[in-house]
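When we follow the working numbering, the leftmost residue of the sequence shown carries the number 4, and every step to the right adds one. All remarks here apply to the structure that follows.
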Amino acid sequence: MEIGNVRIASIESEMRRSFLDYAMSVIVQRALPDARDGLKPVHRRVLYSMAEMGIRANSRYRKSAGIVGEVLKSYHPHSDTAAYDTLVRMAQDFNLRYPLVDGQGNFGSIDGDGAAAMRYTEARLTAIADELLVDLEKKTVDFRPNYDASTEEPTVLPGRLPNLLINGSVGIAVGLATNIPPHNLNEICDAIIHLVDNPEAPIEELMDIVQGPDFPTGGTILGREGIRSAYATGRGRVVIRAKAFVEESGRGGRYQIVVTELPYQVNKSVLLERIAELVKDGKLDGISDLRDE
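Structural data, given as structure tokens:
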């Protein structure tokens, strides 16, 4: 009911409507990836901006600051830090199984070191990112006006690549969240072909093709029951252990444990600090030296 310019409404229904509007805005505009191309809006805008600037896999590197400026100017008028952090993450081979950006310069490390300032780094698309943008000029997807209606942007990328499955994604929205691990491209493509040919194929058949997640930093997955649960129900737990071997150090008959692969998203510097703390507190015995080589 309205009285002049005043609308009388139930506080319960108004809160419900406002919360749902806010939740949908966060889900669609920011927090969760689109299942079709596996990208959140800011990732899509960075890749599309680079394509529009002609910064393809076979072109020369361009300053990251220029890319971020174009993203902010035309498609994503928010923090330059958010846009640059997105660019950096898509270039880190320890974060993405198949990086979408080819970075030149300091783009951070598995030790948790931050990337250099955007004025010092350069970037271009990778060949695999080109597959996400293929045939875009043929209007294969819908376009919509950008934030100020000065140009248009794609609602989704053509995505000839199953990006959501091969690179995974993490997102937390209002009342919803997703955490999809990365997978091997060859296995995923074989599984897609098998599923197209056999739409009723059971999980067991697909798991014969896709053995499990394929993390960029390696490691050993302990057990497959959590993987099967994730594939069958959408919920599952995957435990990863570092890969290591024992060798003789050559100093007085001592032995050393050499770690060659770390679990996904484990910060190496933090891990070393934690081991040192456990040794200092007497909770971890038999360690005389700790080195990062």
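Where is the CB? At the ideal position from N, CA and C, for every residue including glycine.
Would a C-beta distance cut-off of 9 Å place residue i and residue j closer than the cut-off?
i: L75; j: L103; result: no
i: L265; j: I278; result: no
i: V177; j: A26; result: yes
i: Y78; j: N149; result: yes
i: E250; j: V261; result: yes
i: V144; j: P157; result: yes
i: A94; j: A60; result: no
i: R147; j: E140; result: no
i: V9; j: G115; result: no
i: K246; j: G222; result: yes
i: I191; j: A34; result: no
When the Cα atoms are used, what is the spatial distance from residue i to residue j?
i: N98; j: K283; result: 31 Å
i: L135; j: A38; result: 13 Å
i: V31; j: I196; result: 30 Å
i: D96; j: P184; result: 14 Å
i: K43; j: P205; result: 30 Å
i: I113; j: N270; result: 6 Å
i: A180; j: V173; result: 8 Å
i: H46; j: V241; result: 26 Å
i: S13; j: D24; result: 17 Å
i: R231; j: P161; result: 30 Å
i: S28; j: V91; result: 25 Å
i: G256; j: N182; result: 45 Å
i: I224; j: R238; result: 17 Å
i: F248; j: R65; result: 42 Å
i: G108; j: R122; result: 10 Å
i: I58; j: Q259; result: 46 Å
i: L209; j: G253; result: 47 Å
i: S2; j: P36; result: Outside the shown range of the chain (4 to 296) lies residue 2, about which nothing can therefore be said.
i: A235; j: Q268; result: 25 Å
i: A291; j: R244; result: Rather than Ala, the amino acid found at residue 291 in this sequence is Ser. Taking the straight line joining both Cα atoms gives about 23 Å.
i: H81; j: T124; result: 21 Å
i: L281; j: D295; result: 17 Å
Our contact map puts residue i next to residue j with C-beta atoms below 8 Å; I'd like the distance itself, whole angstroms only.
i: D193; j: R100; result: The Cβ separation is near 16 Å, so there is no contact.
i: T84; j: V49; result: In fact, because the Cβ distance is near 13 Å, the residues do not count as touching under 8 Å.
i: A120; j: F110; result: Not confirmed; about 12 Å, so no contact.
i: H186; j: I212; result: H186 to I212, Cβ: 11 Å. No contact.
Can you tell me which of the three DSSP states residue i falls into?
i: D105; result: strand
i: K43; result: coil
i: E155; result: strand
i: I312; result: Residue coverage of the chain in this structure runs from 4 to 296, which leaves residue 312 outside it and unanswerable.
i: V9; result: strand
i: T124; result: coil
i: R20; result: helix
i: A2; result: Residue 2 falls outside the range modelled here, since the chain spans only 4 to 296, and no answer is possible.
i: K142; result: coil
i: S272; result: helix
i: S172; result: strand
i: Y78; result: coil
i: I290; result: coil
i: E296; result: coil
i: V262; result: strand
i: R63; result: coil
i: R147; result: strand
i: R100; result: coil
Does chain B have any CB closer than 9 Å to the CB of residue i?
i: A120; result: No chain B is part of this structure, which consists of one protein chain only.
Is residue i near the ligand GDP, with its Cβ less than 8 Å from a heavy atom?
i: G174; result: Among the ligands in the structure shown, none appear at all, so the ligand GDP cannot be discussed.
ask   = Which whole runs of the alpha helix (DSSP H) in the region 223 to 260 are 4 residues long or more, in chain order?
value = 228 to 236
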